[in-house]
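For the record, in the sequence shown the residue sitting at position 169 is 169 according to the UniProt record's numbering, with numbers rising by one throughout.
The C-beta atom is built at its ideal place from N, Cα and C for all residues, glycine as well.
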Amino acid sequence: MAHPPPRPPRGADMPGTHGVPGVPESSGTHGTPGVPEAPGVPDLPGVPQPPPGAGAARGRAHARRAQRAGRAGRAGVAQRAGTGQRAGTAQRAGRAQRAGRRPWSLRTRLVVSAVALIAVVCAVIGTVTTLALQSYLQGQVDDDLRTSVGRFLNKPGPVRELPRDDVLFVASPGQPIGTVGARFGQDGEISMSGKSNDSPMTNEVDAENRVDPLTSGQRKAIAAVPLDGQVHTIDLPGLGGYRAVAQWDHREGGIILAFPLDQTRETVNTLILVEVCVTAAGLVAAGIAGAAMVGISLRPLRRVAATATRVSELPLHSGEVALRERVPASEADPRTEVGQVGAALNRMLGHVESALAARQESETRVRQFVADASHELRTPLASIRGYAELTRRGREEIGPDTRHALGRVESEAGRMTGLVEDLLLLARLDAGRPLECAEVDLSPLVVDAVSDARAVGSDHEWRLELPDDPAVVHGDDARLRQVLVNLLANARTHTPAGTTVTARVLWGGPRASPYPSPYPAPYGLPSYVSLEIEDDGPGIPPELLPHVFERFARGDASRSRAAGSTGLGLAIVHAVVAAHDGRVTVDSVPGRTVFGVHLPVHRVVHQGVTDSQAGHRLTTQP
């Protein structure tokens with residue numbers, strides 16, 4: 001009998017079995033170009049061999065399955081990552097929302113805390129009272145129940161003379177309406193059961209009419225009462241809760257008697273309703289009264305906060321400061337919590353006032369020293385320049401080195417004179433010296449200043465943009481002219497040759513200052529005039545931009561010194577504009593820098609265009 005050829009072992013087609021006897025070549029290398037067959041593995045006789053190329057096909061199928069598994073794995077990882085990212089975003093959004101909630105005020109927290117505490121106390125008192133009343137009423141029901149059972153079993157009376165299978169005792173006088181009773185014999189089985197109703201009873205026939213039979217479910221529930229003589233709580237279907245007792249009598253069997261708990265529960269529910277209503281009304285009253293009392297108690301604290309707010313609004317950064325704000329003595333009593341805060345604030349204000357007075361005194365001394373030194377240096381510097389110029393222009397022959405040295409002395413003396421003049425001007429402005437104010441039309445000032453700048457900086461292109469109407473402000477003509485000169489000199493000094501510099505005067509407008517004027521707008525015109533100096537140079541470095549109006553601030557130090565810049569020009573601009581109740585701004589990006597001077601308008605004088613203004617609304621210099 002021929003035997004069938006042996007079956008190949010399980011896993012014959014699985015990868016990783018290459019070189020195992022009786023197992024075909026692995027799909028990972030069989031038939032794959034460039035991968036040699038493993039030597040010494042002959043084909044077993046009787047074992048079916050795969051066709052040529054089957055291993056390569058299985059390898060490709062396995063590779064496709066691995067690729068699909070990889071894509072599925074990556075998709076799962078991406079999905080989990082997206083889910084985690086969304087969860088993290090939602091969590092951060094929740095934290096941000098909670099952080100953005102408006103915090104409760106101290107008054108609200110105190111009132112809410114007091115009302116919550118009162119509510120907890122009322123809830124505890126109400127719960128204890130309700131449980132005590134329920135226990136008391138249930139105890140009364142239990143006492144009446146035991147008394148009734150004892151009367152029926154131990155004392156002679158009309159009920160005991162009734163037949164053994166009668167339950168008319170549930171309708172006897174003194175029993176509550178809805179009393180449930182049952183009789184059971186010596187075998188423990190219930191023989192009769194019933195429930196009393198509210199029908200009147202005058203004789204025995206009426207007594208029979210006052211007893212209603214129980215349903216099978218009710219009989220089953222009452223039969224489950226233990227025969228131990230103890231009172232138990234049961235629930236009769238369709239009737240509600242009862243207190244029941246089963247009493248055994250060896251001579252007659254026994255009875256089961258149950259009194260309803262309707263009255264007890266109704267009384268307890270009424271008490272709960274009354275407690276809830278009274279508590280709610282009390283909490284509302286307590287909240288209103290507490291809010292009023294807390295508000296009255298916090299008035300001193302609000303006055304202390306108002307004092308601190310007024311102090312914070314004082315300009316303490318510069319100038320002479322009179323810090324006379326104090327918390328009243330009645331609200332600075334250290335024996336109270338609010339008084340302690342007020343006393344501490346008064347002490348702090350005293351220290352701040354002392355520090356401000358010391359700072360003011362120091363600034364005054366420094367300012368006076370600068371003014372005196374600048375004033376005293378003007379004469380020696382003028383003498384140095386005069387002698388140098390006199391020597392250079394004298395009749396005596398001097399060598400080229402000496403002439404160059406005299407020129408340098410004269411140049412440096414001139415630069416030193418400019419520095420001294422700038423320091424003296426700043427000292428006068430800091431001291432609050434009054435300006436010589438009059439009505440000044442900015443358009444002629446701009447025309448003259450640009451003409452002077454064109455003469456000095458011919459390698460720049462200068463442009464003018466002036467309004468049709470006069471731009472009249474109330475200010476010091478000389479100081480405003482110096483502002484224009486300094487701004488144009490700054491643009492000329494810090495920009496390369498070929499830069500276009502535009503000077504424009506604006507009545508309000510979208511590019512003008514957002515700062516309102518302290519004076520009313522005349523003739524319906526905007527309440528401020530803006531002067532802008534714009535150039536298309538390289539711009540101001542971002543790290544220097546916040547400090548451009550500080551004293552001795554320089555961009556390119558080597559270029560500034562070569563051009564004779566002292567680093568005080570923009571500081572003078574800021575000080576002069578501030579003395580005119582105006583604002584000076586700067587906006588700079590690569591290729592565009594704009595300095596803006598925004599001055600309030602005091603009064604406009606209607607007049608024609610001045611001669612120096614005519615024809616200069618748009619002037620260019622190539």
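Counting along the chain, G253 sits inside the beta strand (DSSP E) bounded by residues G253 to P260.
With three or more CB-CB distances shorter than 8 Å, the stretch 493-505 counts as touching the stretch 532-545.
Closest in alpha carbon position to S172, among F152, P541 and A223, is F152. For P600, the pairing in a beta bridge is given by DSSP as Y528. Restricting attention to T391, E421 and R395, the CA atom closest to the CA of G407 is found in T391.
The DSSP-derived three-state label of R385 is helix.
Residue S193 holds the alpha-carbon nearest to the alpha-carbon of A258 among C277, S193 and L273. Per DSSP, D441 is not a residue of any alpha helix (DSSP H); the beta strand (DSSP E) it occupies stretches across C437 to D441.
L110 and M293 have their C-alpha atoms spaced approximately 10 Å apart.
Boundaries for L466: no alpha helix (DSSP H) harbours it, and the DSSP string shows neither H nor E there.
CA-to-CA, the gap between V120 and G290 works out to about 16 Å. Distance from V311 to L356 at the Cβ level is roughly 11 Å; contact not present, criterion being Cβ atoms closer than 8 Å. Leaving aside the five residues that flank Q186 on each side, the residues in its chain whose CB is nearer than 6 Å to its CB run, in chain order, G253.
When DSSP reads this structure, A244 sits in a beta bridge with H232 and A258. Ranked by Cα distance from D477, the first of I222, P444 and G399 is P444. In chain order, P300, R303, V304, V338, G339 and G342 place their CB closer than 7 Å to the CB of E331, counting only its own chain and leaving out the 5 sequence neighbours on each side. According to the DSSP assignment, L506 belongs to the beta strand (DSSP E) that extends over T500 to W507. Between the C-alpha atoms of P334 and G126 there is a straight-line separation of about 42 Å. In the structure shown, the three-state DSSP call for S191 is strand. Per the coordinates, the alpha-carbon of S135 lies some 30 Å from the alpha-carbon of V115. Between the stretch 392-400 and the stretch 446-466, the count of Cβ pairs shorter than 8 Å is below three; the stretches do not touch. Measuring C-alpha to C-alpha distances from A455 to each of V485, L435, A223 and D469 identifies V485 as the nearest. Cβ-Cβ distances below 8 Å link G295 to R107 in the same chain, with the five nearest sequence neighbours on each side left out; the list follows chain order.
CA-to-CA, the gap between L442 and P470 works out to about 8 Å. For R583, the enclosing beta strand (DSSP E) covers residues R583 to V589. The closest CA to that of L239, considering only V278, V180, Q140 and T267, is found on V180. Going by DSSP, G407 is part of the alpha helix (DSSP H) stretching over P400 to D430. Here V180 carries a strand assignment [DSSP, helix/strand/coil]. In the same chain as P260, and ignoring 5 residues on each side of it, the C-beta atoms closer than 6 Å to its own belong to G178 and Y242, in chain order.
Per DSSP, reduced to three states, the secondary structure at H474 is strand.
Look at S354 here: in three-state DSSP terms it is helix.
Leaving aside the five residues that flank R481 on each side, the residues in its chain whose CB is nearer than 8 Å to its CB run, in chain order, L445, D448 and A449. Ranked by how close their Cα comes to the Cα of K220, the residues P237, P103, V211 and L227 have P237 in first place. Closest in alpha carbon position to S297, among T336, V149 and P546, is T336. Under the criterion of beta carbons closer than 8 Å, A489 and G569 qualify as touching, at roughly 6 Å.
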